[in-house]
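Notes follow the structure.
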Amino acid sequence: MLITILAFLFVLSLLILVHEVGHFVAARRVGIRVVEFGIGWPPRLVSRRVGDTLYSLNLLPLGGFVRMFGEFGGAEPGSFMSKRPVERAVVILAGVAMNILVAPLLFAIAFMWGVPEYTDRIFVQEVVPESPAAAVGGLAGAVSYTHLTLPTILRGLISVVAVSLKKKGGGGGG
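First residue of the sequence shown? That's 3 in the working numbering, and the numbers climb one at a time after it.
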């Protein structure tokens, strides 16, 4: 259960990161100055400035953000609001576009990874050397009893052991 929750949080964080990268790349392409690209939510754990952009890794691992210059007003050159409406729309839609582009890749990885298959079939994984099964030969990895259930096989095994004990005179019982 814990692994499932952690896997969910990891995938969610990955999707958010990809989404924010979409906004980041689009903003840079149309000439908007990106003030900060943050992974997680503050407070900041580690940050590094490269050019005009502060890249930060933050304490709360879920989420992320791209803080653009002039995002909430002001029409100075290089600001979000100084760009034409179509350019702003491209920046806004780029996050969703990245999620749409990456989703098939994530599904492909998930389907290649697969999930454990639970079955009621019995499969001979290994045969102990010098056992009666080894004497028969060729059982390991090759036999799947699809028509028998475990209780049926156990009943058969118990009856074989009982007959064997009676033949040896050690039937005990009683």
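Virtual Cβ for every residue (Gly too), placed ideally from N, Cα, C.
Predicted model only: the values in this text are computed from it and were never measured.
Reduced DSSP category for residue i - H, G, I as helix; E, B as strand; rest coil
| i | result |
| --- | --- |
| S81 | coil |
| V145 | For V145, the predicted structure reports a pLDDT of 49, less than 50, and the residue's modelled location is therefore unreliable. A value from the coordinates is still provided. In the structure shown, V145 sits in coil (DSSP, three-state: anything other than H, G, I, E or B). |
| S133 | coil |
| M100 | helix |
| M215 | The shown model of the chain, from 3 to 176, leaves out residue 215, and the question about it has no answer. |
| V68 | strand |
| L11 | helix |
Beta carbon of residue i nearer than 8 Å to that of residue j
| i | j | result |
| --- | --- | --- |
| G116 | G24 | no |
| M100 | V20 | yes |
| M70 | V36 | yes |
| G40 | S58 | yes |
| G33 | G80 | yes |
| L14 | L64 | yes |
| V68 | E22 | yes |
| G66 | I18 | yes |
| A137 | V130 | no |
| L56 | E78 | no |
| P45 | L61 | yes |
Bridge-paired residues (DSSP) for residue i
| i | result |
| --- | --- |
| S58 | G40, S49 |
Using 8 Å as the Cβ pair cut-off and three pairs as the minimum, do the stretch 82 to 91 and the stretch 42 to 61 touch?
no
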